[in-house]
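Visitor: Protein chains in written order, with the working numbering: chain C, 0 to 183; chain L, 4 to 177.
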Amino acid sequence: MNSERVAAWTEAELGVEGRVLDVVRAPDGVLSARGADVDPTSADIVQLAADLVATMRVSPGCVGLAANQVGVGVRMFCVDVVEHPKTRTQHGTFVLCNAEVVESSRNERAREGCMSVPDLTGDVKRAARLTVRGELPGTGEKVEFSTDAFEARALQHEIDHTDGLLFLDRVAGAHAIYPRQTYL
Amino acid sequence: MSTDLYAVTVLGHDRPGIIAATTAGLAELGLNIEDSTMTLLRGHFAMMLLCRGGSDVAAIERALAPLAAGGDLDVAVRPVAAGPTPAAGGSAWVLTVHGGDRSGIVSAVVTEVAAAGGNITDLTTRLAGDLYLLVAELDLPVDADVAAVERAIRTAAERVGVTATLRLAEADEL
Numbered sequence: 000m001n002s003e004r005v006a007a008w009t010e011a012e013l014g015v016e017g018r019v020l021d022v023v024r025a026p027d028g029v030l031s032a033r034g035a036d037v038d039p040t041s042a043d044i045v046q047l048a049a050d051l052v053a054t055m056r057v058s059p060g061c062v063g064l065a066a067n068q069v070g071v072g073v074r075m076f077c078v079d080v081v082e083h084p085k086t087r088t089q090h091g092t093f094v095l096c097n098a099e100v101v102e103s104s105r106n107e108r109a110r111e112g113c114m115s116v117p118d119l120t121g122d123v124k125r126a127a128r129l130t131v132r133g134e135l136p137g138t139g140e141k142v143e144f145s146t147d148a149f150e151a152r153a154l155q156h157e158i159d160h161t162d163g164l165l166f167l168d169r170v171a172g173a174h175a176i177y178p179r180q181t182y183l
Numbered sequence: 004m005s006t007d008l009y010a011v012t013v014l015g016h017d018r019p020g021i022i023a024a025t026t027a028g029l030a031e032l033g034l035n036i037e038d039s040t041m042t043l044l045r046g047h048f049a050m051m052l053l054c055r056g057g058s059d060v061a062a063i064e065r066a067l068a069p070l071a072a073g074g075d076l077d078v079a080v081r082p083v084a085a086g087p088t089p090a091a092g093g094s095a096w097v098l099t100v101h102g103g104d105r106s107g108i109v110s111a112v113v114t115e116v117a118a119a120g121g122n123i124t125d126l127t128t129r130l131a132g133d134l135y136l137l138v139a140e141l142d143l144p145v146d147a148d149v150a151a152v153e154r155a156i157r158t159a160a161e162r163v164g165v166t167a168t169l170r171l172a173e174a175d176e177l
C-alpha cells in the first residue's frame, strides 16, 4: 500500500505549468471509448496531467477530471475531494495513469453529476470501500491504496471514464435520472 | 364496494394545483387512487392514475370537467378491463442508451428487446442539448440468451450511432 506516497504527491512534482483546457460534453465519442494505456513518464502525459489538475482547479465543484473529458482518449485522471463534505479518507490532489479497481465492497447509492453531462444527474450505486492501483505521472511509480466514501466514489467515476463509461451507463433505473434544475 | 378500475390521464400545460383538482374530483366520487405516475415532459404536465370504486366513466368525466375547461389540459377516462399479466419469472435488467440525438434511436433498440421476448417495465428518455438518453428497465424470459440479446442491442445501437449498456438490476434484500 502506498497511501502516504499518494497523499504526499502534488502537481508541483510534474515541473510544468498546467493549462486550462476545454471540457467536452456527451455525446462526444471520446467519452464513450476506452482510452489508450499511457506511459506515465512521457513528456506529453506529464503535461496533460498538469493540464487536468489546472482545469479541475478552475471548475467550480469539480472533484475529478479524466483525460477523455478534455478530448484526449488516454487512461489518466485527476482527483481532489478534500473540500467535499461527504469525504472521509482522502489523499489530497493526485493524478493516476492506467488505474484499475483491485477490490471493492459495501455498495451505496448516491446522486452523481459530471461536467461532461451538465444537464442531468443520476443515482448510481458504487462501492464505499475501494482499493485501486495505478501509476503516478512523472515518476511512473506504481501505487496501490485503499479509500472509502466520497473519494472511493470519485475514483470509480473517473476509472469508468477511462473505460469509456459515463455515470449514465450505471444509473439505477428509469426513475434514477434527473434533469438539473435551471433557474431563469 | 365496486371493484371497477378506471384509468385517468391528464396531459397539458403545467401549473400549480392540477393534481389537487384531479384528486379532489376523484375523492368526491369515493374513488380510491391505486397506482399513479406523474412527471413533466419538457415542462408539460403528464399524469396517469388508476382508481377504483363505484362510479362510471361519465360521472368521472363530469367531476373532472372543470380541469379541462381552460382548454390547456386534456383529461381522458376509460375503464380498465383486463387484469395485469403476471410476471414471467425471468430476470430484471437496466438498459442505458445514449448518444447524439437523431430519429429512430428508441425504435431501433426496443425492437431488439421485443424480439428477445423482453418486456419493458419502465422507460425514461431525455433530450438534453445534443445528448439523447434512454434508460429502460426490462424483464427477460428465463430462457433468454442474455449475451446474445446484449449483442443484438449493442449492434442496433451502433447502427444509429449510440452506445448501449445492459446491466442486471440489483435489488438489495434487507
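Beta carbons: idealized from backbone N, C-alpha and C, even for Gly.
Could you name the residues of the same chain whose beta carbon sits closer than 6 angstroms to that of Gly121(L), not counting the 5 residues immediately before and after it, in chain order?
Guide: If we look at Gly121(L) and ignore the five residues flanking it on each side, its Cβ neighbours are Leu141, Leu143.
Visitor: For Leu143(L), does the three-state DSSP call read helix, strand or coil?
Guide: Leu143(L): strand per DSSP, three-state reduction.
Visitor: Counting only beta-carbon separations shorter than 8 angstroms, does His174(C) have a partner in chain L?
Guide: Yes - at least one Cβ of chain L is within 8 angstroms of the one on His174(C).
Visitor: Run through chain L and tell me which residues come within less than 9 angstroms of Pro178(C), C-beta to C-beta.
Guide: Going along chain L in sequence order, the residues near Pro178(C) (Cβ under 9 angstroms) are Leu43, Arg129, Ala131.
Visitor: Should the region 61 to 81 of chain C be called in touch with the region 15 to 23 of chain C, which here means at least 3 C-beta pairs below 8 angstroms?
Guide: As far as the Cβ criterion goes, the region 61 to 81 of chain C touches the region 15 to 23 of chain C, which means the pair count is three or higher.
Visitor: Mind checking whether Pro39(C) and Glu134(C) have CB atoms under 8 angstroms apart?
Guide: In contact: Pro39(C) and Glu134(C) (Cβ atoms closer than 8 angstroms).
Visitor: Can you give the Cα-Cα distance for Val149(L) and Thr166(L), rounded to whole angstroms?
Guide: Taking the straight line from one Cα to the other gives about 17 angstroms.
Visitor: Is the region 27 to 41 of chain L touching the region 80 to 95 of chain L, taking contact as three or more C-beta pairs under 8 angstroms?
Guide: With a cut-off of 8 angstroms, the region 80 to 95 of chain L and the region 27 to 41 of chain L do not count as touching, because too few Cβ pairs lie within range.
Visitor: Between Thr114(L) and chain C, is any beta-carbon pair separated by less than 8 angstroms?
Guide: Cβ-Cβ to chain C under 8 angstroms: no for Thr114(L).
Visitor: Give a yes or no on whether the minimum CB-CB distance between Ala139(L) and chain C is below 8 angstroms.
Guide: Ala139(L) counts as touching chain C.
Visitor: Determine the contact status of Leu165(C) and Cys113(C), defining contact as a CB-CB distance below 8 angstroms.
Guide: Cβ atoms of Leu165(C) and Cys113(C): closer than 8 angstroms.
Visitor: Assuming Ala171(C) contacts Val123(C) (C-beta within less than 8 angstroms), just tell me the rounded distance between them.
Guide: About 7 angstroms separates the two Cβ atoms, so the contact holds.
Visitor: The beta strand (DSSP E) spanning His16(L) covers which residue range?
Guide: Unbroken beta strand (DSSP E) run through His16(L): 8 to 16.
Visitor: For Thr127(L) and Trp96(L), what's the separation of their Cα atoms in angstroms?
Guide: Looking at the two C-alpha atoms, the distance is approximately 14 angstroms.
Visitor: Considering only residues of the same chain and omitting the five flanking positions on each side of Ser104(C), which have a CB-CB separation below 7 angstroms?
Guide: Closer than 7 angstroms at Cβ, skipping near neighbours: Ala126, Arg128.
Visitor: Short of 8 angstroms Cβ to Cβ, which residues in the region 22 to 36 of chain C face chain L?
Guide: Residues passing the 8 angstroms Cβ filter: Arg24, Ala25, Pro26, Ser31.
Visitor: Output yes or no for whether 8 angstroms exceeds the beta carbon distance between Val78(C) and Val57(C).
Guide: No. Outside cutoff.
Visitor: Kindly list the residues whose CB is nearer than 7 angstroms to the CB of Asp75(L), restricted to its own chain and excluding five residues on each side of it in sequence; keep chain order.
Guide: If we look at Asp75(L) and ignore the five residues flanking it on each side, its Cβ neighbours are Gly15, His16.
Visitor: So Leu98(L) and Ile36(L) are supposed to be a Cβ contact under 8 angstroms. How far apart are they, rounded?
Guide: At roughly 30 angstroms, the Cβ-Cβ gap does not stay under 8 angstroms, so Leu98(L) and Ile36(L) are not in contact.
Visitor: Using DSSP with H/G/I as helix, E/B as strand and the rest coil, what is Glu176(L)?
Guide: Coil, per DSSP.
Visitor: Going straight from the alpha carbon of Val145(L) to that of His101(L), what length do you get?
Guide: Val145(L) and His101(L): Cα-Cα distance of roughly 27 angstroms.
Visitor: Thinking C-alpha only, which one of Glu115(L), Gly86(L), Ser106(L), Leu67(L) is nearest Asp7(L)?
Guide: Among Glu115(L), Gly86(L), Ser106(L), Leu67(L), the Cα nearest to that of Asp7(L) is on Gly86(L).
Visitor: Since Gly102(L) sits in a beta bridge, which residues does DSSP pair it with?
Guide: Per DSSP, Tyr135(L), Val165(L).
Visitor: If we cut at 8 angstroms on Cβ distances, does Gly103(L) have a partner in chain C?
Guide: At least one chain C Cβ lies under 8 angstroms of Gly103(L).
Visitor: Measuring CB to CB, does Arg108(C) end up less than 8 angstroms from Thr161(C)?
Guide: No. Outside cutoff.
Visitor: Assign Leu136(L) to one of two classes, buried (16 or more other C-beta atoms within 10 Å of its C-beta) or exposed (fewer than that).
Guide: Buried: at least 16 other Cβ atoms inside 10 Å.
Visitor: Pick from Ala10(L), Pro19(L), Gly46(L): whose alpha carbon is nearest that of Ala131(L)?
Guide: Nearest of Ala10(L), Pro19(L), Gly46(L) to Ala131(L), Cα basis: Gly46(L).
Visitor: Quick one: grab the DSSP three-state call for Glu102(C).
Guide: Strand.
Visitor: Quick one: what's Leu64(C) bridged to in DSSP?
Guide: According to DSSP, which records beta bridges pairwise, Leu64(C) is partnered with Cys77(C).
Visitor: Cα-Cα, which of Asp168(C), Ser145(C), Gly34(C), Ser41(C) is closest to Val116(C)?
Guide: Residue Asp168(C) is the option with its Cα nearest to Val116(C).
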